[in-house]
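Just below is one structure, and these are the notes that go with it.
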Amino acid sequence: MNSSRVGGVLFLLLSILYGYFAGDIPLDYFSQQETFNARSLPRIIAVAAGLVSLGLIFMPSPRTNWQFLGQLNWKPALLLLLLMSVYGLVLDPLGFVLATTLFLLAAFFVLGERHWIRMLAVSAPLAGGFWLLMTWLDIYLGPGTLIQQLLALRTGS
212 MNSSRVGGVL FLLLSILYGY FAGDIPLDYF SQQETFNARS LPRIIAVAAG LVSLGLIFMP
272 SPRTNWQFLG QLNWKPALLL LLLMSVYGLV LDPLGFVLAT TLFLLAAFFV LGERHWIRML
332 AVSAPLAGGF WLLMTWLDIY LGPGTLIQQL LALRTGS
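Below, the structure written as structure tokens:
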């Protein structure tokens, strides 16, 4: 039993637990009889993860060489993890469009892009377009508490 198979067994246990607890996701009255509801995608993810973990368990694998880990560029990966955490914290105060645009700008910068016009030309329309799509699908993405406070100051209420 090598580390790949141990990881596969642990991943299989995790996917089984994930699929089991996906059944606890509450459904509203109208979506209980629907084919696709809030429980569908987590169950699909659990099945896919289970299949991948079975592949890890039963596929023959050569002995793992861990020396490649030292050659990986860890700084951008860790910075992106930090950026994702900060994004989650500023999403409510700044609102979806502004927080997503700033997150994408910072992520582009971390990944080595230095052309600000190009970064803005991609991040702002992407965030705005996704916001429009969510609005069209009747999924509410709030403007953010900071924006609401600024608008309240402007209108004098």
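Under my numbering, read the sequence shown as residues 212 to 368, first letter to last. Backbone N, C-alpha and C define an ideal beta-carbon position, used for all residues, glycine too.
Residue interval of the alpha helix (DSSP H) (run including residue i)
i	result
ASP303	285-305
PHE229	What sits at residue 229 in the sequence shown is Tyr, not Phe. Residues 214-233.
PRO271	Where PRO271 is concerned, there is no enclosing alpha helix (DSSP H), given that its DSSP letter is neither H nor E.
LEU357	356-366
GLY339	327-347
GLY281	279-282
Residue i vs residue j beta-carbon contact at 8 angstroms
i	j	result
GLY355	LEU309	yes
VAL321	LEU291	yes
LEU305	LEU357	yes
ALA260	PHE222	yes
Burial state of residue i (16 or more Cβ within 10 Å)
i	result
SER214	exposed
ALA332	exposed
PHE307	buried
ALA288	exposed
SER226	buried
ALA363	exposed
ALA249	exposed
GLY234	exposed
Integer-rounded CB distance, given that residue j should sit under 8 angstroms from residue i
i	j	result
ARG216	LEU267	7 angstroms
ALA335	THR312	5 angstroms
LEU294	ALA318	6 angstroms
GLY219	ARG254	Their Cβ separation, rounded to whole angstroms, is 20 angstroms, which puts GLY219 and ARG254 out of contact at 8 angstroms.
Near the ligand GDP: residue i beta-carbon under 7 angstroms from a heavy atom
i	result
ASP349	Of the ligands one can find in the structure shown there are none, so the ligand GDP has no counterpart to examine.
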